[in-house]
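A.B. asks: Okay, here's the structure, questions in a sec.
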Amino acid sequence: EVQLAQSGAEMKKPGESLKISCKASGYSFSHYWVAWVRQMPGKGLEWMGVIYPDDSDARYSPSFQGHVTISADMSISTAYLHWSSLKASDTAIYYCARPHYGQPFSPFDSWGQGTLVTVSS
Amino acid sequence: IQLTQSPPSLSASVGDRVTITCRASQGIRDNLAWYQQKPGKAPNLLIYTASILQSGVPSRFSGSGSETDFTLTISSLQPEDFATYYCQHVNTNPLTFGGGTKVEIK
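In structure tokens, the structure reads:
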């Protein structure tokens, strides 16, 4: 069974850094892309970007390019989403998800449970 | 590519036939998926490639359309179907989602 287990909720101050994680199991992690999706409070879904763990090829939405970094560690089947300097507007639930096909732009058939990130002074 | 869903919300009764539409700002062939999201939960894939039912999804859900106009139909609404539904195009970077349609109990 495919499972994506995300790290726990975080409460941070503006300007702080943060890395959240998504640990995959039940499939060959290195051969499937992993995507990240943002959902701001009470709002819809936004695709942030995607990474191929085998070679760390990462593609970003222009809306998020330069604001976050997506990475992966094949040795522990884990993908990451990293901020170097958080803003209050980064407050949201962040989901990792696995594209259905072995392609970066395909529907997501498995999702993590979400990580709530709260940024407040 | 922008996706416009309508209506933003609707009220319906158990047993009703419900149709949600999703319009793309440019042609995307059949590169469209539909998701259901319940409060406090991650989205769940219902339909992909516009009309293919994801494994395990009840057959009362169906999708149709191509290029710019798509629909999600629930043939007979069940209590567990009250949720928010999103369309998503997977045509090019960036993938985008529609604004969502909240299906509420009448």
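For the protein sequence lines, the chains are U and B, in the order given. Heads up: the first sequence begins at 1 in this note's numbering, then just goes up one per residue. Heads up: the second sequence begins at 1001 in this note's numbering, then just goes up one per residue. The beta carbon of each residue, even a glycine, is placed where N, CA and C say it ideally should be.
Write down the C-beta distance between B/Leu1045 and U/Phe108 rounded to the nearest angstrom, noting that I regard them as a contact closer than 8 Å.
C.D. replies: Confirmed, Cβ separation roughly 6 Å.
A.B. asks: Kindly list the residues whose CB is nearer than 7 Å to the CB of U/Ser89, restricted to its own chain and excluding five residues on each side of it in sequence; keep chain order.
C.D. replies: Closer than 7 Å at Cβ, skipping near neighbours: no residue.
A.B. asks: Is it right to say U/Val68 is buried, meaning 16 or more other beta carbons lie within 10 angstroms of its own, or is it exposed?
C.D. replies: When all chains shown are included, U/Val68 counts as buried.
A.B. asks: For U/Ser63, which residues in chain B fall below 8 Å Cβ to Cβ?
C.D. replies: Under the 8 Å cutoff, chain B gives Pro1094.
A.B. asks: Could you confirm whether any beta carbon from chain U is found closer than 8 Å to the beta carbon of B/Tyr1048?
C.D. replies: By this cut-off, B/Tyr1048 is an interface position.
A.B. asks: Mind listing the chain U neighbours of B/Pro1043? Cutoff is C-beta to C-beta under 7 Å, in chain order.
C.D. replies: Within chain U, the residues near B/Pro1043 are Leu45, Trp111.
A.B. asks: Rounded to a whole number of angstroms, what is the C-alpha to C-alpha distance between B/Ile1136 and U/Ser75?
C.D. replies: Residue 1136 of chain B falls outside the range modelled here, since chain B spans only 1001 to 1106, and no answer is possible.
A.B. asks: Closer than 8 Å, CB to CB, is B/Leu1015 near chain U or not?
C.D. replies: Looking at the sequence shown, residue 1015 of chain B is not Leu but Gly. Not closer than 8 Å to any Cβ of chain U, the Cβ of B/Gly1015 fails to qualify, so no.
A.B. asks: Okay, do the region 1031-1047 of chain B and the region 1058-1066 of chain B touch, 3+ Cβ pairs below 8 Å being the bar?
C.D. replies: In short, these stretches touch, since the Cβ pair count reaches three.
A.B. asks: Taking 8 Å as the threshold (C-beta atoms), are U/Val119 and U/Leu140 in contact?
C.D. replies: With chain U running from 1 to 121 in the structure shown, residue 140 of chain U is simply not present.
A.B. asks: What is the DSSP secondary structure of U/Leu99, reduced to helix, strand or coil?
C.D. replies: As written in the sequence, residue 99 of chain U is Pro, which differs from the Leu given in the question. Strand, per DSSP.
A.B. asks: Establish whether the CB of B/Val1090 and some CB of chain U are separated by less than 8 Å.
C.D. replies: Yes, B/Val1090 counts as interfacial toward chain U.
A.B. asks: Rounded C-beta distance between B/Gln1088 and B/Phe1082? I'm assuming under 8 Å.
C.D. replies: B/Gln1088 to B/Phe1082, Cβ: 21 Å. No contact.
A.B. asks: May I ask you to report which of helix, strand or coil DSSP gives U/His31?
C.D. replies: In this structure, U/His31 counts as helix in the three-state DSSP scheme.
A.B. asks: U/Ser21 and U/Gln6 - do their beta-carbons sit closer together than 8 Å?
C.D. replies: Taking 8 Å as the Cβ cut-off, U/Gln6 and U/Ser21 qualify as a contacting pair.
A.B. asks: Okay, do the region 1002-1015 of chain B and the region 1047-1060 of chain B touch, 3+ Cβ pairs below 8 Å being the bar?
C.D. replies: Because the criterion of three Cβ pairs below 8 Å is not met, the region 1002-1015 of chain B and the region 1047-1060 of chain B do not touch.
A.B. asks: So, using beta-carbon positions, are U/Trp33 and B/Pro1094 closer together than 8 Å?
C.D. replies: No, they are not a contact pair.
A.B. asks: Give the straight-line distance between the Cα atoms of B/Val1018 and B/Ala1042, rounded to the nearest whole angstrom.
C.D. replies: Going from the Cα of B/Val1018 to the Cα of B/Ala1042 covers about 22 Å.
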